[in-house]
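Mapping of the first sequence onto this note's numbering: position 94 corresponds to residue 890, and the numbering continues sequentially without gaps.
Virtual Cβ for every residue (Gly too), placed ideally from N, Cα, C.
Everything below concerns the one structure shown next.
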Amino acid sequence: MKYWLMKTEPGTFSIFDFEKLPNQTSQWEGIRNYQARNFMRDEMKIGDKVFIYHSVVEPVGIFGTATVIKEAYVDYFQFDPDSKYYDPKATPEKPIWQMVDVKLEEIFSQPITLKQIKEIRALSGMGVVQKGSRLSIQPVKKEEWDFILKLAQ
DNA sequence: GCCAACGTTGGC
DNA sequence: GCCAACGTTGGC
797 MKYWLMKTEP
807 GTFSIFDFEK
817 LPNQTSQWEG
827 IRNYQARNFM
837 RDEMKIGDKV
847 FIYHSVVEPV
857 GIFGTATVIK
867 EAYVDYFQFD
877 PDSKYYDPKA
887 TPEKPIWQMV
897 DVKLEEIFSQ
907 PITLKQIKEI
917 RALSGMGVVQ
927 KGSRLSIQPV
937 KKEEWDFILK
947 LAQ
């Protein structure tokens, strides 16, 4: 089983939006970066654990956890000219982008903020504290996962 | 709102 | 294949 961090801008989708959805499950559409797509396509498996990370809007940080419940499949928004995720280069015959489904697991009573993460040496290898890191899906080490979960208790 | 850092595009 | 220009991300 692998561990991940997935970024979202709460103005678009926040961890609290899961609760409005059937089965507290959301498709993770709109990933338009090849490296992030490859993580989903090649490595994400059912049962993998995911940190839900809010970017841009204060407080920035990890707000809770989710589980992968459906492995990568075609993100159909790439074909929709009215979608902001539209990609004119993609066709149903040759799709480019994929998405997974994730189900909410836990919302932390207090988010683990980026500020906190930066202050903790054990978390200094995490993608979100690397300067200039813009990857919207990042692998997380088991030790980092465990550390943050403990912190969130 | 600013702007550095980054990924992508497209002309050559 | 190079690389300048451009658009986007995301912390502050």
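| Which residue comes first and which comes last in the alpha helix (DSSP H) that contains W941? | Counted from its first residue, the first sequence places residue 941 at position 145. Per DSSP, W941 belongs to the alpha helix (DSSP H) from K938 to A948.
| Which same chain residues, not among the five before or five after L947, have their C-beta less than 7 Å away from its C-beta? | What you label residue 947 is simply residue 151 of the first sequence in a count that begins at 1. Closer than 7 Å at Cβ, skipping near neighbours: I908.
| request: Return the residue from the list E854, P891, P818 and V852 that minimises the CA-CA distance to R837. | output: As a position in the first sequence, residue 837 is number 41, starting the count at 1. Residue P891 is the option with its Cα nearest to R837.
| request: Take the Cβ of G860 as the centre, count every other Cβ of all protein chains shown within 10 Å, and call the residue buried at 16 or more, exposed below. | output: Residue numbering aside, residue 860 sits at position 64 when the first sequence is read from its first letter. Classification for G860: buried.
| task | Following the continuous beta strand (DSSP E) through L801, name the residue where it begins and the one where it ends. | result | As a first step, residue 801 is located in the first sequence; it is residue number 5 there, counting from the start. Unbroken beta strand (DSSP E) run through L801: Y799 to T804.
| message | For the stretch 876-896 against the stretch 814-822, do three or more pairs of beta-carbon atoms, one drawn from each stretch, fall closer than 8 Å, so that the two count as touching? | response | no
| field | Contact set for Q874: own chain, Cβ-Cβ below 7 Å, skip 5 residues either direction | value | Locating residue 874 in the first sequence gives position 78, where the first residue counts as 1. So the qualifying residues of the chain are Y881, Y882, D883, A886, P891, I892 and W893.
| query | In whole angstroms, what is the alpha-carbon distance linking G843 and K937? | reply | Counting from 1 along the first sequence, the entry for residue 843 is found at position 47. Counting from 1 along the first sequence, the entry for residue 937 is found at position 141. Distance between the alpha carbons of G843 and K937 is about 16 Å.
| said: Report the start-end ranges of each beta strand (DSSP E) in the stretch 809-864 that is 3 residues or longer and not cut off at the edges. | reply: 821-823 and 845-850
| Going by alpha carbons, who is nearest to I903 out of T863, Q934 and Q831? | Position 107 of the first sequence, counted from the first residue, corresponds to residue 903. That would be T863, whose Cα lies nearest to the Cα of I903.
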